[in-house]
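Q: According to numbering that gives the first Met the number 0, the sequence shown is numbered sequentially starting from 0.
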Amino acid sequence: MESITALVACGLAFALSYYIGRSMAGTMRVAAMMGAFCGLAFAVLFFVMTVSVGALLPGLFDGWTLGVHFIVLLLAMPLGSAAVAALEFRHLERVEARRLPF
Numbered sequence: 000m001e002s003i004t005a006l007v008a009c010g011l012a013f014a015l016s017y018y019i020g021r022s023m024a025g026t027m028r029v030a031a032m033m034g035a036f037c038g039l040a041f042a043v044l045f046f047v048m049t050v051s052v053g054a055l056l057p058g059l060f061d062g063w064t065l066g067v068h069f070i071v072l073l074l075a076m077p078l079g080s081a082a083v084a085a086l087e088f089r090h091l092e093r094v095e096a097r098r099l100p101f
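1. Between Leu11 and the rest of its own chain, which residues show a CB-CB distance below 8 Å, the 5 nearest in sequence each way excluded?
2. Measuring CA to CA, which of Trp63, Leu99, Ala35 and Phe101 is closest to Ile19?
3. DSSP three-state label for Leu59, please.
4. If you draw a straight line from the alpha carbon of Phe45 to that of Val94, how long is it in whole angstroms?
5. In whole angstroms, give me the CA-to-CA distance for Phe60 and Ile70.
6. With Cys9 and Leu72 assumed to form a contact (beta carbons below 8 Å), what rounded beta-carbon distance in angstroms separates them?
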C-alpha cells in the first residue's frame, strides 16, 4: 500500500513538473527550481496524507515502510521533478526555435 501511494505521489509530482516546464517557467533555471519545489511539496504531502490516513485507519500502513518510502521520495522526487521540468522547457525551447523563419 505504501508503494502504491508513493508511486502516485511521484507520478503527480512529475506531471505537475512537466506542466510547469511547458507553460509556466521563463528560463530553464526557474523551471528546475519550480520542479524541485514541486517534488519536495509532493513528498511532504505524501507523508502527511499517509500518516493522517494511518491514524484514522490503524493497521493500514506499516510505519517502517512508510518512513523508508518518505526518505527515498524526499531525496529522489525533487531531483527527478527538477529534471523533468528543465528537460521539458529545453524541449519546448528547441521546438519553438525550429519554427523561426531564419
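For glycine and all other residues, C-beta sits at the position ideal for the given N, C-alpha and C. From a predicted model like this one, the values you see are computed outputs, not experimental measurements.
A: Concretely, from the data shown:
1. Contacts found: Phe41.
2. The shortest Cα separation from Ile19 among Trp63, Leu99, Ala35 and Phe101 belongs to Ala35.
3. Leu59 falls in the coil class under three-state DSSP.
4. Straight across, the Cα-Cα distance linking Phe45 with Val94 is about 34 Å.
5. For Phe60 and Ile70, the distance between alpha carbons rounds to 16 Å.
6. Taking 8 Å as the upper bound for CB-CB distance, Cys9 and Leu72 are in contact here, some 7 Å apart.
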